[in-house]
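Shown next, in structure tokens, is the structure this report addresses.
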Amino acid sequence: MTRAEPQSNYQKALMGLRELIFSGELTAGSDHLETELAERMGMSRTPVREALLTLESQGLVKVRPRRGVRIVPVSAEDMREIYEVLTELESLAAENAARAGYHETELVALADAIDAMDAALAQQDLVAWAAADERFHAELVRLGGNTRIETIVDRMQDQVRRARASTLYIRPKPLQSNEDHRAVYRAIREGNAQSARARHRTHRQEAKKTLIALLDKHQLKGL
988 MTRAEPQSNY QKALMGLREL IFSGELTAGS DHLETELAER MGMSRTPVRE ALLTLESQGL
1048 VKVRPRRGVR IVPVSAEDMR EIYEVLTELE SLAAENAARA GYHETELVAL ADAIDAMDAA
1108 LAQQDLVAWA AADERFHAEL VRLGGNTRIE TIVDRMQDQV RRARASTLYI RPKPLQSNED
1168 HRAVYRAIRE GNAQSARARH RTHRQEAKKT LIALLDKHQL KGL
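Numbering (the working numbering), first residue to last: 988 to 1210.
Below is the structure:
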């Protein structure tokens, strides 16, 4: 068994800063100095600066020369655009997955994610629900078998994750979301490509409406 390569300081800084952002410890709209963040991470400024540039390319921070770093707030307009793309690409992935003729044993990860979502809601654990929901969507895209779709969707996940984290406790209980996922799963298992695409498309469109309404209502705006 091969041993995993140790993480570089850049990787540690990147993962650490991402966790601070997603956990809300670095709040949206807040400003920070590189030196402050480096001290917080217990690192030199160089790997932290490199990590911040990566996070900027992902839309999570804005690096401003001589003015420090701003944690970019979630923008309703950004989410509108992102969900339009996600809706089309994931719906195509659902259609492709249904056409692929998967055996039920090859859909276990998809079914397990739905079961985990149900269990999380029963326990009123919205964090666990969100994690299971994310697994479902990632597995759906993987089953679609198009690596370019996987790459594009993956690039958008950080923004989606932040938007969901900021609205997780103010959104309606996502019972319908679980039902939608089960319907998509059944369509894929039965090889019904048209149903898989249509049901997932409707699911993503409704999710977009809910999210954007919450962002607008609570004024969770961008820069």
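Beta carbons: idealized from backbone N, C-alpha and C, even for Gly.
In this text the structure is predicted, and so the values were computed from the model without any measurement.
When secondary structure is reduced to three states using DSSP, ARG1054 falls in the coil class, being assigned neither helix nor strand. Judged by their CB atoms, GLU1043 and VAL1035 are not nearer to each other than the 8 Å cut-off. Judged by DSSP secondary structure, THR1074 falls within the alpha helix (DSSP H) whose first and last residues are 1063 to 1086.
Following the DSSP letters along the chain, one finds HIS1090 in no alpha helix (DSSP H), marked with neither H nor E. Distance from the CA atom of LEU1004 to the CA atom of VAL1171, rounded to whole angstroms, is 35 Å.
Between LEU1079 and GLY1131, the CB-CB gap stays under 8 Å. Collapsing the DSSP output to three states places VAL1059 in coil. Between the segment 1053 to 1066 and the segment 1079 to 1093 there are fewer than three C-beta pairs closer than 8 Å, too few to call the two in contact.
The alpha-carbon separation between LYS999 and ILE1101 amounts to approximately 32 Å.
By the neighbour-count criterion, in which 16 or more other beta carbons inside 10 Å mark a residue as buried, LEU1162 falls on the exposed side. With contacts defined by Cβ atoms closer than 8 Å, ALA1183 and ALA1085 form a contacting pair. Under the three-state reduction of DSSP output, ASP1099 falls in the helix class. With contacts defined by Cβ atoms closer than 8 Å, VAL1061 and SER1153 form a contacting pair.
In the three-state DSSP reduction, LYS1049 falls in the strand class (E or B). Per DSSP, the continuous alpha helix (DSSP H) segment holding ASN1165 begins and ends at 1162 to 1177.
If the five residues before and after SER1031 are omitted, its C-beta is found closer than 8 Å to the C-beta atoms of ASN996, ALA1025, all from its own chain and listed in chain order. Within the same chain, and ignoring the five residues on either side of ASN1165 in sequence, the residues whose Cβ sits closer than 8 Å to its Cβ are ILE1101, MET1104, ASP1105, LEU1108.
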